[in-house]
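Peer 1:
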Amino acid sequence: MKAVEVGEKLQEYLDGLVPPRDALLARMEEEAHRENMAQLMDWAKSGILSVHVHATYPLEEYRKAFDAIAKRQVLGKTLLQLGAGAD
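Going by the numbering used here, the sequence shown opens with residue 251, and the numbers climb by one from there.
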């Protein structure tokens, strides 16, 4: 699954979590949000925007990863590796 597909599915899920009182505002800002996300994706693809990965842990060590986050020992992102063939 491509990162863009994952991002779209995540956005669909998060959109379902918007409280009803904020739904109108979310709809009004939907186009601006899409434009912003498109710009961010373009920057990421071109290398202008990058993500600092602090550490990568095998999925089996998820507790160690979350412990490092909880203890504020992480600067950047902490990744969980799902398997040897995962992208």
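Glycine included, each C-beta is placed from N, C-alpha and C at the ideal position. Since this is a predicted model, take the numbers as computed values, not measurements.
For my contact list, Thr328 and Ala305 are in at a C-beta cut-off of 8 Å; report their separation, rounded to the angstrom.
Peer 2: Residue mapping note: residue 328 aligns to position 78 of the sequence shown, counting from 1. Residue mapping note: residue 305 aligns to position 55 of the sequence shown, counting from 1. That belief holds up - the Cβ atoms of Thr328 and Ala305 are roughly 5 Å apart, short of 8 Å.
Peer 1: Less than 7 Å between the C-beta atoms of Tyr307 and Ala315, yes or no?
Peer 2: Looking up residue 307 in the sequence shown gives position 57. Looking up residue 315 in the sequence shown gives position 65. Yes; because the gap between Cβ atoms is below 7 Å, this pair is in contact.
Peer 1: Is the separation between the beta-carbon of Val303 and that of Gly333 shorter than 7 Å?
Peer 2: Locating residue 303 in the sequence shown gives position 53, counting from the first residue. Locating residue 333 in the sequence shown gives position 83, counting from the first residue. No.
Peer 1: Would you mind stating whether Leu299 and Tyr312 have Cβ atoms separated by less than 7 Å?
Peer 2: Here residue 299 corresponds to residue number 49 of the sequence shown, with the count starting at 1. Here residue 312 corresponds to residue number 62 of the sequence shown, with the count starting at 1. No, the Cβ-Cβ distance between Leu299 and Tyr312 is not below 7 Å.
Peer 1: Provide the residue span of the beta strand (DSSP E) that contains Lys197, from first to last.
Peer 2: Any question about residue 197 goes unanswered here, given that the chain covers just 251 to 337.
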